[in-house]
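Below is one structure; the comments refer to it alone.
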Amino acid sequence: MNHIKQIRRASRIGLWGSVAVTLLTVLFLYLSPYRFYPSAHTARWMLIAGAVLAVLSVSMTLLSVRRQVPRLRQTEDLDAKLKGYAAYVRETYINMLLVVVLLCVFTVLSARNVLLMLTLVTVLVLFLNFPNMYRIKVDLGLDDDQMHALFGDQYISGNAQ
């Protein structure tokens, strides 16, 4: 049960932290009278670095989903599955939060709104991979008895009983 709390905490911190940082960046860009005016060369390199960072982080996240989840599903012990899944979720969401913060800093400093679009795509990947209880069931290949043991009455089985 402790692993479920770790999964929930890490995913919520990563997801909602990313949303908050992105919203603060949007508010700063559109409502603040302050602007940064870097040289054209510096702004171009920030745009290139931000785009590369966004593409690499999204592709690495999707690749890790594709590789880690089947590996965890093949593990026999439920505690080992949950421990591995908690570590996977923690690493993914905290790393993506750091990427979003860096992209937002690049967006503000370079005054390029294109980086904001890439930041939103990065946050969208976090929404799509958010581990709710049914996603955990599918990712780890759990049966109904294991889900009832983990989540109790919150879990509603799809099987007619």
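If you're matching positions, the sequence shown starts at 35 in my numbering and goes up one per residue.
Ideal placement from N, C-alpha and C gives every residue a C-beta, glycine not left out.
Three-state class that DSSP yields for residue i in the structure shown
{"i": "I82", "result": "helix"}
{"i": "R146", "result": "coil"}
{"i": "P104", "result": "helix"}
{"i": "I38", "result": "helix"}
{"i": "Y64", "result": "helix"}
{"i": "F185", "result": "helix"}
Alpha-carbon to alpha-carbon, residue j and residue i
{"i": "S45", "j": "S66", "result": "30 Å"}
{"i": "N31", "j": "V53", "result": "The structure shown has nothing for residue 31, since the chain only spans 35 to 195."}
{"i": "E110", "j": "V86", "result": "38 Å"}
{"i": "D113", "j": "Y122", "result": "14 Å"}
{"i": "R43", "j": "N129", "result": "14 Å"}
{"i": "V157", "j": "L96", "result": "13 Å"}
{"i": "K117", "j": "L81", "result": "38 Å"}
{"i": "L146", "j": "R124", "result": "This sequence places Arg at residue 146; Leu is not what is there. The alpha-carbon atoms of R146 and R124 are separated by roughly 30 Å."}
{"i": "S93", "j": "L162", "result": "14 Å"}
{"i": "V172", "j": "A120", "result": "15 Å"}
{"i": "V134", "j": "N36", "result": "28 Å"}
Counted within 10 angstroms of its Cβ, other Cβ atoms place residue i as buried (16 or more) or exposed
{"i": "R100", "result": "exposed"}
{"i": "T76", "result": "exposed"}
{"i": "V159", "result": "buried"}
{"i": "A88", "result": "buried"}
{"i": "K115", "result": "buried"}
Test: residue i CB closer than 8 Å to a CB of chain B
{"i": "I41", "result": "Although the question refers to chain B, the structure presented lacks it and comprises just one protein chain."}
Any non-hydrogen atom of the ligand COA closer than 7 Å to residue i Cβ
{"i": "Y122", "result": "Here there are no bound small molecules, and the ligand COA is not part of this structure."}
- Of all the alpha helix (DSSP H) runs that stay within the bounds of the segment 108-179, which reach a length of 4 or more residues? 112-144, 148-162 and 167-174
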